[in-house]
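Chemist: Sharing a structure with you now.
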Amino acid sequence: DVKVTQSSRYLVKRTGEKVFLECVQDMDHENMFWYRQDPGLGLRLIYFSYDVKMKEKGDIPEGYSVSREKKERFSLILESASTNQTSMYLCASREGGPNEQFFGPGTRLTVL
Amino acid sequence: DQQVKQNSPSLSVQEGRISILNCDYTNSMFDYFLWYKKYPAEGPTFLISISSIKDKNEDGRFTVFLNKSAKHLSLHIVPSQPGDSAVYFCAALTTSGTYKYIFGTGTRLKVLA
Numbered sequence: 014d015v016k017v018t019q020s021s022r023y024l025v026k027r028t029g030e031k032v033f034l035e036c037v038q039d040m041d042h043e044n045m046f047w048y049r050q051d052p053g054l055g056l057r058l059i060y061f062s063y064d065v066k067m068k069e070k071g072d073i074p075e076g077y078s079v080s081r082e083k084k085e086r087f088s089l090i091l092e093s094a095s096t097n098q099t100s101m102y103l104c105a106s107r108e109g110g111p112n113e114q115f116f117g118p119g120t121r122l123t124v125l
Numbered sequence: 571d572q573q574v575k576q577n578s579p580s581l582s583v584q585e586g587r588i589s590i591l592n593c594d595y596t597n598s599m600f601d602y603f604l605w606y607k608k609y610p611a612e613g614p615t616f617l618i619s620i621s622s623i624k625d626k627n628e629d630g631r632f633t634v635f636l637n638k639s640a641k642h643l644s645l646h647i648v649p650s651q652p653g654d655s656a657v658y659f660c661a662a663l664t665t666s667g668t669y670k671y672i673f674g675t676g677t678r679l680k681v682l683a
């Protein structure tokens, strides 16, 4: 079974702090994704990566950056956290093509 | 611009009855659709998918119907069970593009025992 793990389930940070969210998948998937889930807005794509060191902006990349130095690991970085980045962050991975995405358990981030 | 819409934020159904969750899309280039189920404090899990060359796909209690002319898909759960209580997301993509999935806003299903 594919396993996608995220470094933290719950995180509380202060406004202005730099925040790292890590995601690791164990199935050698090419594609990895970062979403945020907010009530009434569904899942919105922040960034995705289709290969090591490759990244593409999703629908809401502002205030975020990403890093993919190894195939299995995809990091989301909040350079200077703000209260409007309080959300549930979900990482996913997928093989190439129109296949199902496998999601991690999510990180509930609260920015105070 | 919401390309994938789930207009019912919530739905309550009696155990044993049919649950019907709906999803509408606007982009006629979408040609592959999926349904995901999400429990609180967990990531979404894949449920069922359908390609635009089909109009129906069945997997056990779950059936997805696709009406391309109406740009509408629906998920039927029969019979509904209390364990089906979750948030359901539909997702769509264009297989000729970057395989970027567009998710709907979700419908919270509550199955009453």
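Going line by line, the protein sequences match chains A and B.
Start counting the first sequence at 14; every next residue gets the next number (my numbering).
Start counting the second sequence at 571; every next residue gets the next number (my numbering).
C-beta: ideal position from N, C-alpha, C; glycine also.
(1) Drop a sphere of 10 angstroms on the beta-carbon of M45(A), count the other beta-carbons inside from all chains shown, and report buried for 16 or more, exposed for fewer.
(2) Please list the partners that G676(B) has in chain A, where partner means a Cβ-to-Cβ separation under 7 Å.
(3) Mapping the DSSP letters down to three states, classify D51(A) as helix, strand or coil.
(4) Strictly below 7 Å CB to CB, what residues from chain A border L604(B)?
(5) Below 8 Å on C-beta distance, what does T665(B) contact in chain A?
(6) Can you tell me whether I620(B) is buried or exposed? The criterion is at least 16 other CB atoms within 10 Å of its CB, across all chains shown.
(7) Can you confirm whether S619(B), when its beta carbon is compared against all beta carbons of chain A, has any partner nearer than 8 Å?
(8) Which value, in whole angstroms, describes the spacing of the CA atoms of D41(A) and V65(A)?
(9) Give the secondary structure of N97(A) by DSSP, where H, G and I count as helix, E and B as strand, and everything else as coil.
(10) Going along chain A in order, which residues have a C-beta closer than 9 Å to the C-beta of E612(B)?
(11) In the structure shown, what three-state DSSP assignment does D629(B) receive?
(12) For V17(A), count the other beta carbons within 10 Å of its own beta carbon; 16 or more makes it buried, fewer makes it exposed. Which is it?
(13) If you reduce the DSSP assignment to three classes, tell me which class D684(B) lands in.
(14) Quick check: the Cα distance between L103(A) and S639(B), rounded to an integer number of angstroms?
(15) If D39(A) and E85(A) are in contact, beta carbons under 8 Å, what's the gap, nearest whole angstrom?
(16) Determine the DSSP secondary structure at D72(A), reduced to helix, strand or coil.
(17) Just verifying my parser: in three-state terms, what is the DSSP assignment at D601(B)?
(18) Which residue's Cα is closest to the Cα of T665(B): D629(B), D601(B), N592(B) and E612(B)?
(19) Please go through the same chain and pick out, in chain order, the residues whose beta-carbon is closer than 6 Å to the beta-carbon of L34(A), but skip the five residues on each side of it.
(20) Just the Cα atoms here: how many angstroms apart are K607(B) and F616(B)?
(21) Can you find at least 3 beta carbon pairs, one from the stretch 585-594 of chain B and one from the stretch 645-655 of chain B, that sit closer than 8 Å?
Modeler: Put simply:
(1) buried
(2) G55
(3) strand
(4) E113
(5) G110 and P111
(6) buried
(7) yes
(8) 11 Å
(9) helix
(10) F116, P118 and G119
(11) strand
(12) buried
(13) No statement about residue 684(B) is possible, as the shown extent of chain B runs from 571 to 683 and does not include it.
(14) 33 Å
(15) 7 Å
(16) coil
(17) coil
(18) D601(B)
(19) L89, Y102 and T120
(20) 7 Å
(21) yes
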